[in-house]
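Before any comments, here is the structure.
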Amino acid sequence: MLTISELYIYPIKSLGGIALDKASLTERGFEHDRRWMLVDADNHFISQREVNTMALLKVQLTQQGLLITNIGVPGEELHIPFLPTITETEMVTVWSSRCRAQRVSDEADTWFSKQLGIPCKLVYMPDTTRRYVDGRYAHNKEITGFSDGYPLLLIGQASLDDLNNRLETPLPMNRFRPNIVFTGGAAFQEDYLKHFMINGINFFGVKPCARCVITTINQHTAEKAKEPLKTLSTYRMRNKKIYFGQNLLHQGTGVVAIGDAITIHEQQLVEIVPD
């Protein structure tokens, strides 16, 4: 039996995640997940890949919006509302896709630029923006927020346990930034989940998640190391990409909670072996 054990959202792309007991599933993913993003002077997204100290910026939900703190500098915090007061939109870029976003405020831009030591702006994806999933993997023109490409990421606890058994120092799940974690089943069972249901909502595993250097960044200190990519490359590499986790699409909306069962409807044959 597969059971949901952890749920996460990441309101601001590449900043700290928030653990939830239950999550509201909207058309573009979990509510508030990656609706905000930091961009550079060219309106291109910024992530921990380039600025590892983003890991030190943690996010909390409040009744009015978001509270962002810098755990590396006590006392540094920023409050932002759920909806920006600036209504004008501008084009921003996430990898190869471009979409419209609202700048949040001058205050937010100043605060983040100070914390990260680089000029940057905080933008928000309004409901009117529809950023589509890659057509090669989409089922029905699904949309997502400012995620790298898909609305949800699924990882089995057994997969992390398998990895940690190969490492000298075990790593926490936060290195991999999942939305849904489940217990039960075999290691890397998420690779094979083609269609499953949670609380009557349909989910589809459409593409294994290729991992990058963010997984090597300690999310409490922002320090970089070689693991887990060094070890994962020995048994989770295909076509020169390292895979860990399954990108999901979904049909329907509702609530997903810790303790909910995953009901498998169809599995797929996926072979991930070393190059």
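Note that the sequence shown covers residues 16 to 290 in this note's numbering. For glycine and all other residues, C-beta sits at the position ideal for the given N, C-alpha and C.
Secondary structure at residue i, three-state DSSP: helix, strand or coil?
i	result
Q282	strand
W126	helix
Q172	helix
A237	coil
T104	strand
Q75	strand
M140	coil
D275	coil
Q204	helix
M16	coil
T41	strand
A70	helix
L93	strand
L186	coil
D290	With a pLDDT of only 45 at D290, under the threshold of 50, the placement of this residue in the model should not be trusted; the figure read from the coordinates follows. In this structure, D290 counts as coil in the three-state DSSP scheme.
L131	helix
N179	helix
So, are the CB atoms of residue i and residue j less than 8 Å apart?
i	j	result
G200	G269	no
G32	R192	yes
N85	L71	yes
T230	K239	no
L93	I83	yes
A116	T104	yes
A272	D36	yes
G260	L169	yes
M188	E21	yes
D55	C135	yes
L263	F218	yes
R226	I257	yes
S111	Q63	no
T246	L178	yes
F211	I19	no
Here's the rule: buried if 16 or more other CB atoms are within 10 angstroms of the residue's CB, otherwise exposed. What is residue i?
i	result
Y23	buried
W126	buried
W51	buried
R113	exposed
S297	Outside the shown range of the chain, which is 16 to 290, sits residue 297, and nothing can be said about it.
T159	buried
A293	Because the chain spans 16 through 290 in this model, residue 293 falls outside it and cannot be assessed.
Y26	Here residue 26 turns out to be Pro, not Tyr, going by the sequence shown. Label assigned to P26: buried.
Y147	exposed
V221	buried
D290	Note that D290 has pLDDT 45, beneath the 50 cutoff, so the model's placement of it is unreliable and no number is given.
V88	exposed
E286	exposed
D121	exposed
G44	buried
D176	exposed
Considering only the alpha carbon of each residue, which of the options lies closest to residue i?
i	options	result
Y165	A173, G150 and Q172	G150
N233	I133, T68, T41 and R43	T68
L186	F161, L244 and N194	L244
M106	D36, P96, A123 and V138	V138
A153	K239, Q266 and E238	Q266
Q282	E205, R226 and C227	E205
E46	L131, F161, I279 and L17	F161
I6	R64, R226 and H280	Any answer about residue 6 is impossible in this case: the structure gives the chain only from 16 up to 290.
L40	N194, I170 and F211	N194
L17	V54, T144 and G171	G171
A34	S62, D55 and V74	V74
Q79	G87, I95, T198 and P89	I95
K129	L53, L76, D163 and N180	L53
T108	G90, I61 and L131	I61
T100	L76, G132, M140 and K241	M140
E42	I19, T143, E91 and S248	T143
R251	R118, A202 and L81	A202
Starting from the N-terminal side, write out each stretch of the beta strand (DSSP E) that is 3 residues or longer and does not extend beyond the region 221-267.
256-266
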